[in-house]
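Chains as they are written, first to last, in the working numbering: chain A, 1 to 506; chain B, 507 to 1012.
All C-beta atoms in this analysis are idealised placements derived from N, C-alpha and C, irrespective of residue type, glycine included.
Predicted model, so just to flag it, every value in this text is computed and none were measured.
These notes concern the structure reproduced below.
Protein chains: 2
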Amino acid sequence: MSENIKQLEQDFLEYVKKMCAYGEALSLVYWDLRTGAPKKSVEQRSQVIGVLSSEVFQMSTSEEMATYIKNLLSDEASGVISEVTRKTVEECKKEFDRNKKIPAEEYKEYVILQSKAESVWEEAKDNSDFELFRPYLEKLVETNKRFIQYWGFKGNKYNTLLDMYEPGITVEILDNVFGELRKKIVPLVKAISESNAKPETSFLFENFPKEQQKGLSLEILKQMGYDFQAGRLDETVHPFAIGLNPGDVRVTTKYDEKDFRVAVFGTIHEGGHALYEQNISKDLIGTPLCTGTSMGIHESQSLFYENFVGRNYSFWKQNYELLKSYSTGQFNDVSVEDYYRAINESKPSLIRIEADELTYPLHIIIRYEIEKGLFNDEIEVKDLPQIWNEKYEQYLGVRPDSDANGVLQDVHWSGGSFGYFPSYALGYMYAAQFKNTMLKDLPNYDQLLEEGNLQPIREWLTERIHQFGSMKKPLEILQDVTGEGLNAQYLVDYLYDKYNKVYSLN
Amino acid sequence: MSENIKQLEQDFLEYVKKMCAYGEALSLVYWDLRTGAPKKSVEQRSQVIGVLSSEVFQMSTSEEMATYIKNLLSDEASGVISEVTRKTVEECKKEFDRNKKIPAEEYKEYVILQSKAESVWEEAKDNSDFELFRPYLEKLVETNKRFIQYWGFKGNKYNTLLDMYEPGITVEILDNVFGELRKKIVPLVKAISESNAKPETSFLFENFPKEQQKGLSLEILKQMGYDFQAGRLDETVHPFAIGLNPGDVRVTTKYDEKDFRVAVFGTIHEGGHALYEQNISKDLIGTPLCTGTSMGIHESQSLFYENFVGRNYSFWKQNYELLKSYSTGQFNDVSVEDYYRAINESKPSLIRIEADELTYPLHIIIRYEIEKGLFNDEIEVKDLPQIWNEKYEQYLGVRPDSDANGVLQDVHWSGGSFGYFPSYALGYMYAAQFKNTMLKDLPNYDQLLEEGNLQPIREWLTERIHQFGSMKKPLEILQDVTGEGLNAQYLVDYLYDKYNKVYSLN
Chain A
1 MSENIKQLEQ DFLEYVKKMC AYGEALSLVY WDLRTGAPKK SVEQRSQVIG VLSSEVFQMS
61 TSEEMATYIK NLLSDEASGV ISEVTRKTVE ECKKEFDRNK KIPAEEYKEY VILQSKAESV
121 WEEAKDNSDF ELFRPYLEKL VETNKRFIQY WGFKGNKYNT LLDMYEPGIT VEILDNVFGE
181 LRKKIVPLVK AISESNAKPE TSFLFENFPK EQQKGLSLEI LKQMGYDFQA GRLDETVHPF
241 AIGLNPGDVR VTTKYDEKDF RVAVFGTIHE GGHALYEQNI SKDLIGTPLC TGTSMGIHES
301 QSLFYENFVG RNYSFWKQNY ELLKSYSTGQ FNDVSVEDYY RAINESKPSL IRIEADELTY
361 PLHIIIRYEI EKGLFNDEIE VKDLPQIWNE KYEQYLGVRP DSDANGVLQD VHWSGGSFGY
421 FPSYALGYMY AAQFKNTMLK DLPNYDQLLE EGNLQPIREW LTERIHQFGS MKKPLEILQD
481 VTGEGLNAQY LVDYLYDKYN KVYSLN
Chain B
507 MSENIKQLEQ DFLEYVKKMC AYGEALSLVY WDLRTGAPKK SVEQRSQVIG VLSSEVFQMS
567 TSEEMATYIK NLLSDEASGV ISEVTRKTVE ECKKEFDRNK KIPAEEYKEY VILQSKAESV
627 WEEAKDNSDF ELFRPYLEKL VETNKRFIQY WGFKGNKYNT LLDMYEPGIT VEILDNVFGE
687 LRKKIVPLVK AISESNAKPE TSFLFENFPK EQQKGLSLEI LKQMGYDFQA GRLDETVHPF
747 AIGLNPGDVR VTTKYDEKDF RVAVFGTIHE GGHALYEQNI SKDLIGTPLC TGTSMGIHES
807 QSLFYENFVG RNYSFWKQNY ELLKSYSTGQ FNDVSVEDYY RAINESKPSL IRIEADELTY
867 PLHIIIRYEI EKGLFNDEIE VKDLPQIWNE KYEQYLGVRP DSDANGVLQD VHWSGGSFGY
927 FPSYALGYMY AAQFKNTMLK DLPNYDQLLE EGNLQPIREW LTERIHQFGS MKKPLEILQD
987 VTGEGLNAQY LVDYLYDKYN KVYSLN
């Protein structure tokens, strides 16, 4: 009998390998489309995407898959199949359940709705016309509510959506940590607004030629330990990192010649994502486990590098001459201390993706509170613009002048991605918790940055996080690494400590 | 009944579209591997290639495909299905027959042999050690002989191999035209060797920075009518053009800073291939007909541009200032007449891919004669080095100093590609025949080049050749365009006319 199971395990792994191969081809197609595929390629390339995706979808919901899941999760299989196989089956089962519970006809309608809603959203945003988008958003919310009934839920209905992006995370957990964050950050933001010690920042916005920015970005990626034999850096409109396999993890960035920070901090951020994917154990190749375990843990790696490395004083003490050597003189009369303060300016703003590290969590909390309200029938779509604007005023002290700069700013909802936003702030909290634990092993953290020696940091993260890919769930990693659960205090401490200094508070 | 056929036609076209989608994904993978995929991506990417290729192979040899072929080529289907469908079925049938007639086990062994032989060939070439490669080459020839028995043959056994790359071309045809070419070119080459009017060429080899070469290459592609919204130019080691679909046809080139001709003439050559693929009728998208009809016709387009445009005096009269503006002064003291003579220098040499346009056909003829001998049991593999060297001495007046520069120089045989070489010379003859006909419609051909107005030339080729993709067979195109069959005389006339002038012969 165990012989049969062994054979089934082999067949299953072959089956999954094939799905992963299609997935890798799809990733290459996406990367290409976003980095330089000719304009006229797109129409036909969409066909290719359609064929490959529906093949993957069919394989993930096939009778064959159902049989693998049933037999490989049976009592007799446990103890026979490997740990990697078992977790792979579990991952496949999750996907299978998610896809099979929605009636095919309803799912098809939903896909069409998503695609229509995205293009209507674009128009609505361009014209700052929420009413245009409203019926689509209502339908998207409605459909997701129905899907939640199909999928089932534990406790709060919104938990089902949260769990898709961050398994194990619930409203109960988020209410707690986001409440804490809000309570602490709002007054700090207010204190900063009232501070007179505003950093001078005008020198940041002088001309920094694109090719020079690229050279600098490459140097920093190298310092981070990004393996250029297993990746490359390209230009794009909306930067991203993508892991095709651990031997091929590509980073993209964009260059603004009037604001070099876009490329430099963008590259460090995406580089953090890339280090995660490059350092996953090779044993997981060819399985769905061979990628970051969740949006939140992924974001913890990118934010770790962007904020705890890239916005750290010691890092720039080491790299300020390098920065100067690539620039055309804009920093000549600026001390590294003033530069450090400038890149850590904090100012409440309307647009999430332009927010600084202090105010960013508030943007996320607003979206979380709204989504939670929507899926618990406490908020109606028609009231969103008003609710949005009130929350911005209350938490950030700024009120959107238009829905384009308010409720219509993000693409996520138009694609039906509810439950995604919290990952950004979760990643930030995870990162602060990891950093706190790291300091116990690497008490000379700042000194390492000052020496340009980022290797011990990367190795620490690889040993505890990267290598496992999706073998561990987010809260499992957090517990294993830090010995505790989600805790907002570490992020709060970091922010208070840093911004009190930058703005000479207290 | 006709209703059933209509439905079957639709199903078949969907089936074929899916195969094409896999093919397009594969093309993107190949392009990426050859233009900048990170080194460590390769191992896993090979898996992706394996999965996608074997999916295509299985679909092309499936029972489902057999049923489509049988029913759609039936009497009752003719008149019901479209012309495009019928030609698509015929193309699929050809592929089906080719693949199904070889016993699966033997084909598998052959694939392994090919891959081994390629790596042994590399080593053998590096060490100029024919004996190392000999047993593999013997086995490759032997296997292909056996395959010819499976596939069947008409007339000469070698015809079966020729037909794979150039449908309709036979030994009988090639003996005739290659005999003619050889008879005429050998004495011209000899006369040139003895001429005292050798062009001065040293100025060609001065430093020409890579970025400048790239700028020039882009300008020339634009002049040719290459659509940059449907393609892009990248750098690679062994240049190629690749059509993913007519809206995405990519050109690659390489830059030698000590010899700008590599990039410029290479880009024009690949650009000629690309114009073919960019201008195929959109009606053929999603079928195997949406690509050039044969190696030879493809080569006719690349050689047309490389030689009849790129090595034409009027073209450079128009573009000499452009060339000068990208160079760093190497042509300052050189007249356009002297430049023209320099780029048309002809000199017998040992290496095919470095040969000039006059001696090139002789390199091909030598390979043709050898392949024909091998498959008709008139030549044995063990005697190849000697036969090779003797033919070079006889036709070109040069004798290889080593097998690395002789019989081991080309990769083709190590991959089992017998019957491929003749396409190169066929393309050249086709091109000369097309040019001759074009002159009747565009008697101001040289003037167009001198005005930099290549559009009428591109349109002429599109109307008569490009648009049809694989809807017509090579000899059908030749007949339709020129009103006659294969005829070496036009190429001979071109070469005599040109080289008599360049070398002041007669």
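### Query
Does DSSP put aspartate 543 (chain A) in a helix, in a strand, or in coil?
One cannot answer for residue 543 (chain A) here, as it falls past the ends of chain A, which runs 1 to 506.
#### Entry: Secondary structure, alpha helix (DSSP H): runs of 4+ residues fully inside the segment 225-301 of chain A
261-278
### Query
Run through DSSP, which three-state label would proline 187 (chain A) get?
helix
### Message
My output table needs one value for lysine 324 (chain A): the three-state DSSP class, helix, strand or coil.
### Response
helix
### Message
Here's the rule: buried if 16 or more other CB atoms are within 10 angstroms of the residue's CB, otherwise exposed. What is glycine 798 (chain B)?
### Response
buried
### Query
So, is valine 677 (chain B) buried or exposed, given that buried needs 16 or more other C-beta atoms within 10 angstroms?
buried
### Message
For glycine 23 (chain A), count the other beta carbons within 10 Å of its own beta carbon; 16 or more makes it buried, fewer makes it exposed. Which is it?
### Response
buried
### Pairwise C-alpha distance: lysine 498 (chain A) and tyrosine 360 (chain A)
15 Å
### Query
Counting along the chain, where does the alpha helix (DSSP H) carrying serine 2 (chain A) start and finish?
2-35
### Task
Examine chain C for any beta-carbon lying closer than 8 Å to the beta-carbon of aspartate 32 (chain A), and answer yes or no.
Of the protein chains in the structure, A and B, none is chain C.
### Message
For proline 187 (chain A), count the other beta carbons within 10 Å of its own beta carbon; 16 or more makes it buried, fewer makes it exposed. Which is it?
### Response
exposed
### Alpha carbon of serine 325 (chain A) to alpha carbon of serine 115 (chain A), nearest angstrom
46 Å
### Task
Please confirm if lysine 18 (chain A) has its CB atom under 8 Å from at least one CB of chain B.
yes
### Query
Which chain A residues sit within Cβ distance under 8 Å of glutamine 718 (chain B)?
In chain order: nothing, as chain A lies at least about 16 Å away.
### Query
Straight-line CA distance for valine 757 (chain B) to isoleucine 49 (chain A)?
23 Å
### Task
Compile a chain-ordered list of the residues in the segment 543-568 of chain B whose CB is closer than 8 Å to at least one CB of chain A.
Ala543, Pro544, Lys545, Lys546, Ser547, Val548, Glu549, Gln550, Arg551, Gln553, Val554, Gly556, Val557 and Leu558
#### Entry: Limits of the alpha helix (DSSP H) - the one that phenylalanine 639 (chain B) falls within
636-657
### Query
With distances taken from CA atoms, which of B:Ser833, B:Tyr671, B:Tyr521 and B:Glu612 is nearest lysine 716 (chain B)?
B:Ser833
### Query
What is the residue span of the alpha helix (DSSP H) that proline 474 (chain A) lies within?
474-482
### Task
Could you tell me which of A:Gln44, A:Thr67, A:Lys87 and A:Cys92 sits nearest to valine 56 (chain A), measuring between CA atoms?
A:Cys92
### Query
Apart from the five residues on each side of it in sequence, which residues of its chain come closer than 6 Å, Cβ to Cβ, to lysine 184 (chain A)?
Val492
### Message
Out of B:Gly802, B:Arg970, B:Asp844 and B:Leu992, which one is the CA nearest neighbour of serine 929 (chain B)?
### Response
B:Gly802
### Query
From tyrosine 1000 (chain B) to threonine 649 (chain B), what does the alpha carbon distance come to, in whole angstroms?
40 Å
### Query
If you measure beta-carbon to beta-carbon, which residues of the segment 736-758 of chain B are closer than 7 Å to chain A?
Ala736, Gly737, Arg738, Leu750, Asn751, Gly753 and Asp754
### Task
Taking 8 Å as the cut-off, decide whether the C-beta atoms of valine 913 (chain B) and leucine 890 (chain B) are in contact.
yes
### Nearest residue (CA-CA) to glutamine 516 (chain B), options B:Gln564, B:Pro544 and B:Val590
B:Val590
### Query
At a cut-off of 7 Å, is isoleucine 112 (chain A) close to the ligand PLP when judged by its beta-carbon and the heavy atoms of the ligand?
Among the ligands in the structure shown, none appear at all, so the ligand PLP cannot be discussed.
### Same chain only: Cβ atoms within 8 Å of isoleucine 876 (chain B), ignoring 5 sequence neighbours per side
Ile885, Leu890, Ile893, Trp894 and Lys897
### Query
Along chain A, in chain order, which residues have C-beta atoms closer than 8 Å to that of isoleucine 786 (chain B)?
Simply none; closest approach about 12 Å.
### Message
Please report the straight-line C-alpha distance between phenylalanine 881 (chain B) and phenylalanine 927 (chain B), rounded to a whole angstrom.
### Response
14 Å
#### Entry: Below-8 Å beta-carbon distance, leucine 619 (chain B) vs any chain A residue
no
#### Entry: Residue-level contact to chain A via CB, isoleucine 691 (chain B), 8 Å cutoff
no
### Query
Excluding sequence positions up to five away, which residues of its chain have a Cβ less than 6 Å from the Cβ of aspartate 952 (chain B)?
Ser820
### Query
Along chain B, which residues have their Cβ under 7 Å away from the Cβ of valine 29 (chain A)?
Ala531 and Leu534
### Query
If we count Cβ pairs, one from each stretch, closer than 8 Å, do we get three or more for the segment 433-450 of chain A versus the segment 259-276 of chain A?
no
### Task
In the DSSP assignment, find the unbroken alpha helix (DSSP H) run with phenylalanine 375 (chain A) in it and report its ends.
360-375
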